[in-house]
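Trainee: Below is the structure I would like to discuss, written out as structure tokens.
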Amino acid sequence: NSRLVMRFGMRHLSTRAQVVLTLASLAFLPVAYVAGGVPPLWAYMAYMSLSFFCVGLLMGNLQAMAMEPLGHIAGTAAAVVGCLQTLISVVLGILIGRAFDGTVLPLVAAFAVLGALSLAVSRWAGRSAPAKP
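Here the sequence shown is numbered in the working numbering, starting from 7 and rising by one per residue.
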């Protein structure tokens, strides 16, 4: 991650990871649907590997971007960001888990919707952020 961040920048890398995650989920959703919600293992593993690679890039970079303007209160900010991240994850995880119907469709659909939502929120937050001198 550090080499990629140094080469492309945190924002660019995060945006690309969000786009790839969302597009991969949107592309895999019809594949899973046609397979009756139970796609071949190799296809599901390829999709999940790409998805988790993107999530791995996103977790650290988005947290670092959230902490950028809060260096003077880093400890408190890290605790608040971590708490909010956990609370939101628990609520969304419960909702996605309740939608489980024995297929991969709820998970893939959730990745697509939440990936698009993440991209929209990041773009909104990027526009509302003050310009750096």
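Note that beta-carbon positions come from the ideal geometry of N, C-alpha and C, so glycine has one too. Everything numeric in this text was worked out from a predicted model, so none of it was measured.
If you reduce the DSSP assignment to three classes, tell me which class V114 lands in.
Mentor: Helix.
Trainee: Out of S55, A49 and L113, which has the shortest C-alpha to C-alpha gap to G99?
Mentor: Of the listed residues, the one whose Cα sits closest to G99 is L113.
Trainee: With H, G and I counted as helix, E and B as strand and the rest as coil, what does DSSP make of N7?
Mentor: Correct three-state label for N7: coil.
Trainee: Measure the C-alpha to C-alpha separation of A118 and L76 and round it to an integer number of angstroms.
Mentor: Rounded to whole angstroms, A118 to L76 spans 30 Å at the Cα level.
Trainee: Relative to the ligand FMN, is the shortest distance from any of its heavy atoms to the C-beta of V44 smaller than 7 Å?
Mentor: The model depicted lacks the ligand FMN and carries no ligand whatsoever.
Trainee: Helix, strand or coil for T109 per DSSP?
Mentor: Correct three-state label for T109: coil.
Trainee: Let me check understanding here. Comparing Cα to Cα, which of S31, R13 and R22 lies closest to L120?
Mentor: The option with the nearest alpha carbon to L120 is S31.
Trainee: Does the distance from the C-beta atom of L63 to that of S128 stay below 8 Å?
Mentor: No, the pair does not count as a contact, with Cβ atoms beyond the cut-off.
Trainee: Can you confirm whether the segment 8-22 touches the segment 100-110 when touching is taken to mean that 3 or more C-beta pairs between the two stretches lie within less than 8 Å?
Mentor: Flag = no, the segment 100-110 and the segment 8-22 do not touch.
Trainee: Between T4 and V44, how many whole angstroms is the CB-CB distance? I'm expecting something under 8 Å.
Mentor: Residue 4 lies beyond the stretch modelled for the chain, which goes from 7 to 139, so this question has no answer here.
Trainee: Once DSSP output is grouped into helix, strand and coil, what is the label at G44?
Mentor: Per the sequence shown, residue 44 should be read as Val rather than Gly. Here V44 sits in coil by DSSP.
Trainee: Which of the three DSSP states is assigned to G15 in this structure?
Mentor: The answer is coil: DSSP assigns G15 none of H, G, I, E or B.
Trainee: On the criterion of 16 or more Cβ atoms from any shown chain inside 10 Å, does L68 qualify as buried, or is it exposed?
Mentor: Buried, because 16 or more other Cβ atoms sit within 10 Å of the Cβ of L68.
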